[in-house]
Structures are given as structure tokens and as C-alpha cells.
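Counting with UniProt numbering, you get residues 1 to 470 for the letters of the sequence shown.
Please read the structure below before turning to the comments.
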Amino acid sequence: MANALVWFRNDLRLSDQPALAAALAAGQVPVCIYIHEPEEEGDWAPGAASDAWRHHSLAALDADLRERGSRLRIFRGPSRAVLEALAAACDAEAVYWTRRYEPAVERRDATIKRALREQGLRAESFNGALMFEPWQRATKQGDPYRVFTPFWRSALANWHMPATIDAPRSLPDLDGDPDGIALEQLKLRPARGWDATFWDHWIPGEAGAHEALDVFVDGALRGYREGRDRPDQVGTSRLSPHLHFGEIAPWRVVSALEEVRTAANGAYVRELGWREFAHHLLHHFPHTPEGNFNPRFDDFAWAKRDGRTLEAWRTGRTGVPIVDAGLRELWHTGWMHNRVRMIVASYLCKHMRQHWREGARWFWDTLVDADLANNTLGWQWVAGTGADASPYFRVFNPVTQSSKFDPDGRYVARWVPELAGLPVSLRHAPWTDPGKLRRHAPDYPPHPIADLAAGREAALAAYRALKDGA
Ligand code: FAD
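Put into C-alpha cells, the structure is as follows:
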């Protein structure tokens, strides 16, 4: 049998794996490889939490391969040189992979594909991550979409999901070399064990992804429309890191939902649609991880960078309980509830008037689901600088948000335990009773680092100035 390299990247699964399926369909022995070369991802090399997740996900993939008679061979980059050397060493006639859409990676992959083909190898890439690849949807004029609703309408009108393909039961493998290096040599785990508490909340790998999907379909899905906004409850699927690392295909998720057909299916699939839209935007507007989608905001009067308040925000010491709870949840679990992501981002961009990139960078390093497309869209949406942004005058009031979406203050009490002894009404705004706050939580900041009323006014003034000047 001929050999083919199957280059695993953010598609760490064996079911619905088009690159693996291509090798098997061609009657080739799939030589399963992973190449570590973060520098090739440009300014957005994976952050520490992503690395920690990847470590476990690669271990899970290797175990799944070994169960089937194969294994994962790990190498260090540069990717092109490694692929060329490996193709020669194992006499491979083809290289297969699934596509990624980060601008630096897209550029690198295009170069690699050309080079491999010039050498006479069959180099093929496939869609393994999206329901609609970025170039598959366009406006009537042939332009990219800039607004979610028409994008999603067009997606729904052209709905063709790939069939699901179960993981192969057994796999042939190459005899002997090339062997690669041990996973531990990549040193992906944080040196000081910061991630130790993450794994009480997550099972990285394909089996963990399928388990999370089953738990969601049997539980929170039915109440998703209301539950998705409640950080004090388990109301969402928590599939985001699994989707980011490609441990499950989005169309596998949709197909599981179709089997139960609840009234909430549409609402859930629409959220997957935001993920699609984010990738559409990142592909067509590759400058947006760094620059405003809307160039009008290039003149926006951000406050001067303030290291002290940024540190208070990052460590959950702003004095605003729902903001602090979110940032502490992030630190301890590698994840934050979507509603709270919006609240902490709004507080940073609007009340503190720090640049959205400051927050985006922190999320990038600390989220296990850090995803260049989704993170960029999320931050630009909240900051009001994005394609389909929240209107500039929407300044989330964190106290109102906290009272509405964490009505019993349970989320706050869980992540900011020093406030758990306060009456519920005070957990949302403890500074309103300084005496009680001092008695219960003497170390908690006595008032918000950015005053809610003054911060809101200053933000609105800055936005209005921009509007008037336009
Ligand atoms: P569910 O509610 O169960 O949603 C299912 C899936 O849909 C998610 O797993 C995710 O893949 C997708 N999805 C849901 N909401 C969004 C959204 N608003 N935008 C894009 N996709 C969405 N998501 C990331 O995956 N990575 C990020 O780096 C990221 N950064 C964000 C930054 C900010 C400031 C904000 C406001 C949102 C960000 N999001 C990001 C989107 C969203 O918060 C997470 O996808 C969601 O909280 C993941 O939890 P879940 O899987 O339980 O979501």
C-alpha cells in the first residue's frame, strides 16, 4: 500500500475527518502527524491556555489512534521542511489536511500546498471546521457579508450539511520510522501548573467532545433560549474549545440536534452561525484581529493605557462583582460564560475606555477556546468597532446585568466568595453599603475602579465626538 501524510492541526478527531478519510479512500496508509511550529502563526501564536488544552487533546488523539493500530507522530517545524522530509522518509505520495482560516496560517498553507505539488506530491486540503467556508457565501454583488442576519439567511437557504462519518474501527500504520518526539518535549503545559483546576471542568479530546454534546442534548438544550444567558446555571453546551480544536465537527453537532428536534434547536444553531460569520469576516477582513473593522474608530479617543487598572481587571479586582466573578472564572477554568464575556468586555472598553485589543490579548492567553475569529468578532462587537457591532450607545450597566442574569447572586458568590456573606442585593453593588462591605470583605475593593456613571458618560461623550466629527 502507498503512504499518505495526514497532517493534524485543529481537527483533532477521527470521526468526520476528511483528511483521514481521503487517505483511506485512496487506499493509502495514513501516517498521522502533528507539527509544532507556533511562530508560523504570526502575532497570534496560541496562548498558554490553548497550549494546555492542546497537550491533552493530542494525548487523547494519540490514544484513539493507538486503539486502532496507528499512532500520532509529533514533530517540530518549520512545517514545510518537516512535511517534505517526512514525505521523502516514508515515501509518501500524498499529504492531506483540513483547512484553517487564520490569515497567517492561510498564507503559510497556500505556500506549502504549492511547494508540495511542485515536487510531484498530491497535496489536498479539505473543510473540516465549518458548515460554510468563508468564500461559499457572498452577497448578490459578490461581496462578503458585513451583517450577520443576511449572512445567516443566505446560509439557511443553502443548507447542505455533510453526512457524518464514524471513526474507522482500525487503521493501518507505517512500520517503524520516522518516529517523531514525545508530546512532553513540546512543553505545552504551563510550567507552574496554573491549569491544574481547569481539568475539573473539561475533558479535552474527541470522546470529551461527544460527551459534552450528549450532556447538552439530554439537558440544557431544551431551555437554551433562556438558559444561555444565565451564568449561574449550566445553560449552554460548553462545546467551544472542542469546536475550536476540531474535536467535533459542527455538522455532527447539528445532526445530533436534528435527532431530538426541540424548539430551541434554531436558537442554538444560530449561535453556531455566529461562529461561521466570525470566520467569514476573519477570512475577508484579515486585518481585524489588530485593527478596527470600522476605520471610523481609528480616531476614537481611548483613555491612555493604564497598567494598574488593566491589572485589576485581569485579576478580578475591579470592585464590580460580576466583572470580577467573570475574570476569576476565566482564571480558574479557562472559560467564561458568554453573557459575562460581554459584561467584562464592555466594562473594559467603555467604563475604563481601554483599547479592546488589551482585553482581546488577555482572553487570547487565558481562554481554552481562544479562537482568532470568534474572539475578534466578540471584542469588536462589544467595543462597537466591528462589522455587526452593538450600537455605540449600548453601555452595559454591570449592576443591572448582574441583577437580571444572576438574580440570586449565586454566580458572584461562587467566584468572589468573599462577597457570599452579603445579602443578595448587595452582591451586585457592594459599594452602596460601605460599612457592610468592610465588615464582610475588608480586602475587596471599596468601590469600582471606574465609576459606573462617570465612566458611562465619558464613553458616550467619546463616541459622540466621533459621530459628530464623521
Ligand atoms: P453555546 O452557547 O453552547 O454556543 C455553541 C457554540 O456556538 C459555541 O461553542 C461557539 O462555537 C459558538 N458561539 C456561541 N456564541 C458565539 C459568538 N457570540 N460568536 C461566535 N461563536 C459563538 N468564542 C470562542 O469560541 N472563542 C473565543 O475566543 C471567544 N471570544 C469571545 C470574546 C468576547 C468579548 C465575546 C463577547 C465572546 C467571545 N466568544 C468566543 C463567543 C462566546 O462567548 C463563546 O463561544 C461561548 O461562550 C462558548 O460557550 P458555549 O460553547 O457553551 O456556547
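For every residue, glycine included, the Cβ atom is placed at its ideal position computed from N, Cα and C.
Predicted model only: the values in this text are computed from it and were never measured.
{"Query": "Pair within 8 angstroms by beta-carbon distance, A312 and T318", "Result": "yes"}
{"Query": "Inter-stretch contact (C-beta, 8 angstroms, three-pair minimum) for the region 91-103 and the region 114-128", "Result": "yes"}
{"Query": "Near the ligand FAD: F75 beta-carbon under 7 angstroms from a heavy atom", "Result": "no"}
{"Query": "S50: CB within 7 angstroms of a non-hydrogen atom of the ligand FAD", "Result": "no"}
{"Query": "A470 burial status per 10 Å Cβ neighbour count (16 or more: buried)", "Result": "Note that A470 scores a pLDDT of 49, beneath 50, so its modelled location is shaky; the value from the coordinates is reported in the next line. A470 comes out exposed."}
{"Query": "Proximity below 8 angstroms, CB of I248 to CB of L239", "Result": "yes"}
{"Query": "Any 3 or more C-beta pairs closer than 8 angstroms across the region 85-93 and the region 182-197", "Result": "no"}
{"Query": "Helix, strand or coil at H244 according to DSSP, with G and I counted as helix", "Result": "helix"}
{"Query": "Every unbroken alpha helix (DSSP H) within the region 125-160, with a cutoff of 4 residues, ordered by chain", "Result": "148-157"}
{"Query": "Candidates E358, V340 and A389, of which the one nearest V399 by Cα", "Result": "V340"}
{"Query": "A69, buried or exposed, once every other Cβ within 10 Å from all chains shown has been counted against 16", "Result": "Checking the sequence, you will find Gly at residue 69 rather than Ala. Label assigned to G69: exposed."}
{"Query": "Distance between A4 and Q28 (C-alpha atoms, nearest Å)", "Result": "6 angstroms"}
{"Query": "Cβ-heavy atom distance, T385 to the ligand FAD, below 7 angstroms", "Result": "no"}
{"Query": "Exposure of I181, with buried meaning 16 or more beta-carbon neighbours within 10 Å", "Result": "exposed"}
{"Query": "Proximity of W364 and A370 at Cβ, strictly below 8 angstroms", "Result": "yes"}
{"Query": "Backbone CA spacing between F8 and L65 [nearest angstrom]", "Result": "12 angstroms"}
{"Query": "Cβ contact check for the region 278-293 and the region 374-389: 3 or more pairs under 8 angstroms", "Result": "yes"}
{"Query": "Element boundaries [alpha helix (DSSP H), containing P321]", "Result": "P321 to T333"}
{"Query": "Residue nearest to P30 in terms of C-alpha spacing, selected from R71, R328 and L426", "Result": "R71"}
{"Query": "D406 classed as buried or exposed, judged by whether at least 16 other C-beta atoms fall within 10 angstroms", "Result": "buried"}
{"Query": "Other residues of its chain near L330: CB distance less than 6 angstroms, five sequence neighbours each side excluded", "Result": "M336 and T366"}
{"Query": "Three CB pairs or more closer than 8 angstroms across the region 159-167 and the region 10-17", "Result": "yes"}
{"Query": "Same chain only: Cβ atoms within 6 angstroms of D11, ignoring 5 sequence neighbours per side", "Result": "T98, G128 and G246"}
{"Query": "From W362, L171, A85 and K187, residue whose alpha carbon lies closest to that of R314", "Result": "W362"}
{"Query": "Enclosing beta strand (DSSP E) for T98 [first to last residue]", "Result": "A92 to T98"}
{"Query": "Of the residues A429, A454, A461 and G455, the one placed nearest P446, counting alpha carbons only", "Result": "A429"}
{"Query": "Bridge partners - I33, DSSP secondary structure assignment", "Result": "W7 and R73"}
{"Query": "Separation of R228 from S425, as counted between CA atoms", "Result": "23 angstroms"}
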